[in-house]
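Under this note's numbering, the residues of the sequence shown are numbered 495 to 850, in order.
We put the beta carbon where it would ideally sit given N, CA and C, even for glycine.
Remember, it's a predicted structure, so these values are computed and weren't measured experimentally.
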Amino acid sequence: MSKKGFIRLSVIFISAFIIVTILVRTQMPSAKAEILMQPITDSNIQPVTDSNSIEMNAVLKQADSVPQTVSSIPVSNNEQTISVYIYNTEKTVTLTIDDYLTGVVAAEMPALFETEALKAQAVAARTYLMHRLQYGKCGRGGADICTDCKHCQAWLSVAQQQKSWGVHFDTYSKKIHDAVYSTTGQVIYYNNQPIDALYHSVSGGKTEDCAAVFSEAEPYLVSVSSPGEEGDSNYKSQNIFTPTQLVSLINNAFPKAKLSAKNISSQIKILSHDESGRVDKVKVGSDTIKATDLRLAIGLKSTNFSISYKNDNIIFDVIGYGHGVGMSQRGADVMAQQGNKYIEILEHYYPGTNVK
Ligand SMILES: [Zn+2]
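In structure tokens, the structure reads:
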């Protein structure tokens with residue numbers, strides 16, 4: 495082969511190698527992205543998601559704490575329209591507040607839940623929107639809010655609701671429509687400002703102090719009791735790892751840990767719990783990390799966990815689902831079953847606030 499021919503052939507080979515590498519990389523979700531996807535349970539009755547909450551909200555919460563431009567308090571009447579970025583179609587649409595909220599409640603809370611719980615969810619979701627409009631709009635697609643549950647609030651279109659509810663569509667959509675429209679304009683306030691209405695699926699008996707998760711305290715996001723949630727399918731869960739799996743996940747997320755699969759039980763230790771009983775700090779190998787970070791790195795449903803070892807495996811027994819801050823959706827349903835109205839539910843989970 496001539497020198498020129500050899501160079502040309504080499505260039506072709508190198509280019510092909512680069513293209514294949516790029517293709518493989520772009521199609522491979524990172525291990526971290528994969529484990530952050532929460533399993534969807536009870537899909538036939540709508541998942542209670544960890545929305546308005548998970549790791550992105552930690553980022554948003556920090557961003558929220560230093561508002562670049564604080565708008566005047568937005569008016570929550572249903573004449574007003576908002577722009578909504580539909581995450582799965584990548585389109586921005588204009589909706590009235592309550593039309594948007596029916597999609598949020600449909601996505602965020604099982605339609606089987608009590609009417610008063612659905613009303614509490616509607617007001618919490620409306621308040622979350624008002625807080626975002628005031629302190630920091632979503633910005634994706636130039637919109638006020640988006641439907642990515644890891645960024646703003648989950649949302650289902652009517653077509654998605656039909657698909658999800660099947661023969662129950664008429665009953666469930668009426669129930670949710672009523673919950674939203676019977677509370678039109680109502681928002682939760684603290685000191686006359688719309689609150690940061692965080693919520694989660696299952697608290698496991700006690701909600702979490704905001705400062706423990708988001709490093710920022712709010713007087714109305716403090717730990718309160720939330721009894722009676724034991725019947726929820728997400729109340730208890732278990733994550734089982736082989737030493738190799740756990741070492742890989744932890745060392746990827748926390749390189750300073752330098753965990754090794756051999757004798758792993760001596761390298762992991764729960765160091766402290768916070769006042770709500772959730773794990774606060776964990777020693778992993780040579781590193782000490784926050785349980786909230788460990789939860790995201792290895793895909794636990796909450797930071798209320800204990801660790802045990804069996805047949806060479808590491809077992810995490812977990813109680814509750816979500817960050818635990820603000821309203822527990824299952825707890826709201828339990829309170830509604832006990833005869834509480836939606837305002838009583840909201841004032842329990844967001845103490846010191848009032849709904850108007
Ligand atoms: Zn968003």
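From G636 to Y594, what distance separates their C-alpha atoms? 17 Å
Contacts around A611, its chain only, beta-carbon distance under 8 Å, and the 5 residues preceding and following it disregarded: M603, Q823, A826, D827, M829, A830, Y836 and I839
Regarding C640 and ligand 1, is the C-beta to nearest heavy atom distance less than 7 Å? yes
Quick test of your reading: Y675 and D592, contact by CB under 8 Å. State the CB separation rounded to the nearest angstrom. 6 Å
Answer yes or no: do Y666 and A618 have a C-beta to C-beta separation smaller than 8 Å? no
Cβ-Cβ separation, G818 to S697 (assumed contact under 8 Å), whole Å: 5 Å
Is it a yes or a no for the stretch 750-763 touching the stretch 776-788, going by three-plus beta-carbon pairs under 8 Å? yes
Please determine whether the Cβ atom of R772 lies at a distance below 7 Å from any heavy atom of ligand 1. no
Pairwise C-alpha distance: N798 and G814: 7 Å
Rounded C-alpha distance that separates K850 from Q680: 5 Å
Quick one: complete alpha helix (DSSP H) runs, 4+ long, within the stretch 749-798? 785-792
Just list the beta strand (DSSP E) runs in the stretch 637-701, keeping only unbroken ones of 3 residues or longer that don't cross its boundaries, in chain order. 682-684
Using the Cβ count rule (16 or more neighbours within 10 Å means buried), how would you classify A791? buried
Between R789 and S796, how many whole angstroms is the CB-CB distance? I'm expecting something under 8 Å. 7 Å
Is there at least one non-hydrogen atom of ligand 1 closer than 7 Å to the beta-carbon of H662? no
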